[in-house]
Amino acid sequence: MQDRKTFYITTPIYYPSGKLHIGNTYTTVAADTMARFKKMTGYDTYFLTGTDEHGQKIERRAQEAGKDPQTFVDEIVADTKKLWQLMDVEYDVFMRTTDPDHVKAIQRIFRRMLDQDDIYRSVYEGQYCASCEAFWTATQLVDGHGCPDCGKPTELVQEESYFFRMSKYQDWLIQYIEDHPEFIQPPSRANEMLQNFLRPGLQDLCVSRTTFSWGVPVDFDPKHVVYVWIDALFNYVTALGYMGDDDTLLQKYWPAQVQLVGKDIVRFHTIYWPIMLHSLGLPLPRQVFAHGWLLFGNDKMSKSKGNVVYPPPIVARYGADALRYYLMREMPFGADGNYTNRALLNRINSDLANDLGNLVRRTTAMLDKYFGGVIPAPNAYEAVDQALIDKTEALPPAFEEEMDALQFSQALQEVWRVVSECNRYIDLTQPWVLGRDESGTPRLQTVLYVLAEAIRVIGVLIYPVMPTTSRRIHQQLGIEDEALTTWDSINTFGALPSGGKVQQGEALFPRIDIEKDLAELEQGDQPEPEPEPTVPETPAKPEIAFDDFEKLSMKVARVISCEAMAGSDKLLQFRLSLGQEERTVLSGIAKYHDPATLVGRKVILLCNLAPRKIRGVVSEGMLLSAENPDGSLYLLFADDQVQEGAEIG
Ligand code: MSP
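In the working numbering, the protein residues as written are 460 to 1108.
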């Protein structure tokens, strides 16, 4: 069914019962990292995430909030999409189970299962956890009444229901898992499923409910709604058109290469899901990978436990890349790990500011100082150069191997080994000594070339985890040709041409005063209050002298990137290029401009306005805009002919 070189990856679809937190972000960033990596290495990639919007829990939450369920979920979905935008998550499809096409497809699936006698009608009596939307047997309950997953009390439910004949497929699934060791990863999870559920014997699964109505109605018996896990699991294929009008995507991408799930939902994805796919004659995903939990003080972080960390305040301070790096680096994928602000800040300072940031800064500064910013051609390589070149050349295959095994932390460690080697190479070759007189110039050319090329390679490799930093590194190296930022371009050392001009920018990751930031973060992540937009009354201003005007330094700047600022509906955060220099500027025009349309435009920056810290970000200047009488604000643009950095006056 599948073309060569396609790669379909999915996250679980999240319950929109409240704001998503850093635990859900963990899964989604992992999927995004993998999708970016596969795209970069030439795969036709499709990345699904979305929301699981039906069920009793959502219905109750909506009631508590005094909203109808659809309005309730719509609001959270909008927020979820903003979070993914903030985290630089580039999904191909955002699947919602309230989507009418999905609903229709689920009804068809349900009927097909009934028609082929995999589903039958009977009476159900059992323990149900509304929080996890899961049924449990008496022996599985904790102390006779607690849900084994979340610990909350279960409810005794008795109702007429439809059942799926799981028992019929149990032996087939045991055999399948034994024959396909790669199917459930890590392997310990496969053993757990076999021992705890499959070998003791599967019970038929209750697949409809009558006690609430917020779900997909069974069309031939409308007092029933389809069990939310059936509704949810099938999103992975209805998103591709299964049981819909056009299944081109299904033909192209199914089966998925990898489905990421948290360890709490392995059972659903490795028992019910494969059995139901098989019953419908669909192939199974190649792999279901269960990652660990992000813990907070050794407890699972979860909305229902209330011990939650949210990404926006962290991103507002340190940027999405820093958080993405931390999530992917801190714990091996598959294991649990504790989230702490201190560990995050330590990683930023040591790995990002010290190791990587300093390397880039030192190298571009030396290129500036010794060669006017121009990348020199290398001369004959010596042993010390060749050692670093060999390590840099060995890096992409090692990185790929770790990434293909979803070992993000290991993959990053491989990169950081070379980052450290580069820093050691600077100490060994002592470019500042070579730069003392002309006799050192030929060696200095080689040393700085080797460093610049190694940094280019590092810049390419970190792209899946830190897309913005990758771009910034390449910009600082003066790379304009996109061919020099591709996976293929790092196969052999030396693709970076000499003659390019580096553009020293701001530090990639400014050093953090850890104790000060920790205190601020632990005060409840309170961002600084957002400045109220001023609606000027346009009083007549006094006449000024030319000297007054001369005090203003205004320049034309090109918008490198622009995005809505986390947690603010007024501010846009710009990264601007003034030619020789880049700046970050905040502007209160979010209501009037779509950030995506501003990238590449030339705007006018008041450069010598005192910097101002807003919500943890230092705004270095003010963008000029014009204000309509109704208070709406529109940026002023400069003609495309005008160069970046051109003075206005
Ligand atoms: N809606 C179901 C999934 C249906 S998929 C067909 C669901 N939603 S959830 O919102 O509760 O959880 C979604 C995912 O987030 C799960 O994989 C879960 O493991 C993950 N996480 C929730 N809290 C987490 C942490 N604290 N750490 C890591 N992952 C976490 O289950």
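Cβ atoms here follow ideal geometry from the backbone N, Cα and C, with glycine treated the same way.
Here S1036 carries a strand assignment [DSSP, helix/strand/coil]. Look at Y922 here: in three-state DSSP terms it is coil, with no helix or strand label. A distance below 6 Å between beta-carbons, with the five flanking residues on each side excluded, links D690 to the following residues of its chain, in chain order: H513, T556, I565 and V675. Between the ligand MSP and T486, a heavy atom-to-CB distance of less than 7 Å is present. Counting other Cβ atoms within 10 Å of its Cβ, H604 stays below 16 and is therefore classed as exposed.
Taking 3 residues as the shortest admissible run, the stretch 605-686 contains the following complete beta strand (DSSP E) segments, listed from N- to C-terminal end: 614-623.
With 16 or more neighbouring CB atoms inside 10 Å of its own CB, P475 falls in the buried class.
With a threshold of 7 Å, the Cβ atom of V552 does not count as near the ligand MSP, since no heavy atom of the ligand is closer than that. Its chain contains P607 and G610 as the residues whose beta carbon lies nearer than 7 Å to that of V601, once the 5 sequence neighbours on both sides are disregarded; these appear in chain order.
Classified as buried, T905 has 16 or more neighbouring CB atoms from the shown chains inside 10 Å of its CB.
Cβ-Cβ separation between Y686 and V666: approximately 4 Å, consistent with a contact (criterion under 8 Å). Of all C-beta pairs linking the stretch 932-939 to the stretch 908-919, three or more are shorter than 8 Å, placing the two stretches in contact.
Counting of Cβ neighbours within 10 angstroms places K516 among the buried residues, the total reaching 16 or more. Of the candidates Y583, V488, T539 and F968, the residue whose Cα lies closest to the Cα of P923 is V488. The DSSP assignment places 503-510 and 552-555 as complete runs of the beta strand (DSSP E) inside the stretch 494-581, in order along the chain (cut-off: 3 residues). The C-beta separation of F952 from I848 comes to about 5 Å, placing the pair in contact by the 8 Å criterion.
Beta-bridge partners of C588 (DSSP): A593.
For G700, the secondary structure class from DSSP, reduced to helix, strand or coil, is coil. In the DSSP secondary-structure assignment, Q718 is bridged to T469 and V747. Following the DSSP letters along the chain, one finds K1050 in no beta strand (DSSP E), marked with neither H nor E.
The residues W732, in chain order, have a CB closer than 6 Å to that of L692 in the same chain once the five nearest residues on each side in sequence are set aside. Taken from the Cβ of N882, every heavy atom of the ligand MSP lies 7 Å or farther away.
Under the DSSP assignment, A775 falls in the alpha helix (DSSP H) whose first and last residues are P770 to Y777.
The stretch 874-886 and the stretch 894-913 touch, with no fewer than 3 CB-CB distances between them shorter than 8 Å. The three-state secondary structure of K960, taken from DSSP, is strand.
Beta-bridge pairing by DSSP links Y583 to E618. Residue state for C881 is assigned as helix, using DSSP reduced to three classes. Here the C-alpha atom of G525 lies approximately 47 Å from the C-alpha atom of D810. Taking every protein chain shown into account, the CB of A715 has 16 or more other CB atoms within 10 angstroms, so this residue is buried. Rounded to the nearest angstrom, the gap between the Cα atoms of V1044 and P612 is 51 Å. In the pairwise beta carbon analysis, the stretch 1026-1039 is classified as not touching the stretch 780-792: fewer than three pairs are separated by under 8 Å.
In the DSSP annotation of this structure, the continuous segment of the alpha helix (DSSP H) that includes S738 starts and ends at W732 to S738. With a cutoff of 7 Å, P471 counts as near the ligand MSP, since its C-beta is closer than that to a heavy atom of the ligand.
Relative to L479, the option among A521, A537, I468 and D1053 whose CA is nearest is A537.
E1079 sits buried, since 16 or more C-beta atoms from the chains shown fall within 10 Å of its C-beta. The Cβ-Cβ distance between I468 and M554 does not fall below 8 Å.
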